[in-house]
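Asks:
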Amino acid sequence: MTASTDKTARTKGSAVHPSIARGIARLGQDISRARRARRISTTDMAARMGVGRSTLHRLEQGDPGVSLNTLAMALSVLGLFDRLADLVDPASDELGLMLAEKTLPKRITSRRRNASSENSPSADASGADDAPEGW
Numbered sequence: 178m179t180a181s182t183d184k185t186a187r188t189k190g191s192a193v194h195p196s197i198a199r200g201i202a203r204l205g206q207d208i209s210r211a212r213r214a215r216r217i218s219t220t221d222m223a224a225r226m227g228v229g230r231s232t233l234h235r236l237e238q239g240d241p242g243v244s245l246n247t248l249a250m251a252l253s254v255l256g257l258f259d260r261l262a263d264l265v266d267p268a269s270d271e272l273g274l275m276l277a278e279k280t281l282p283k284r285i286t287s288r289r290r291n292a293s294s295e296n297s298p299s300a301d302a303s304g305a306d307d308a309p310e311g312w
């Protein structure tokens, strides 16, 4: 299959799944829309980002080869960087929280002392050796 007939997006030799390509394209459109809503020209936006207009154009067109740094700079210029920083925040990861909940023990039981260690002269009479340090 030649590159002109191949429908799969590529970046640096790697295929990009169609659903990923659609998501990146939508992200690019949203960045373009946010830039225009703020009345920022492509020349000014690119200058603030420290990239050329062609790189900004590639980002807004959803080119999967655009770097994460370029995306982060665009979001920073738009005042939206905090959304990227919070994107995979563990506190808002519902599936991760649910999976972590499933790994919790059903009950917590105290360790039973072995009869020989209770009568041992080396055992501390206060039982402080079982308590966490500082308790």
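Read in my numbering, the sequence shown has 231 at position 54, and its numbers run on one by one without any break.
Glycine included, C-beta positions come from ideal geometry on N, C-alpha and C.
Less than 9 Å separating the beta-carbons of G276 and A268?
Replies: The identity of residue 276 in the sequence shown is Leu, whereas the question assumes Gly. Cβ distance not < 9 Å, so L276 and A268 don't count as in contact.
Asks: Kindly examine the ligand SAM and report whether one of its heavy atoms sits closer than 8 Å to the Cβ of S218.
Replies: This structure lacks the ligand SAM, and indeed carries no ligand of any kind.
Asks: Between H194, A202, R225 and T232, which lies nearest to S253 when the distance is taken from Cα to Cα?
Replies: Taking only the C-alpha atoms, the option nearest S253 is R225.
Asks: Could you tell me the distance, in whole angstroms, from the CA atom of L236 to the CA atom of R284?
Replies: Each residue's Cα considered, the two are about 51 Å apart.
Asks: Excluding sequence positions up to five away, which residues of its chain have a Cβ less than 7 Å from the Cβ of G227?
Replies: The answer, listed in chain order, is M250.
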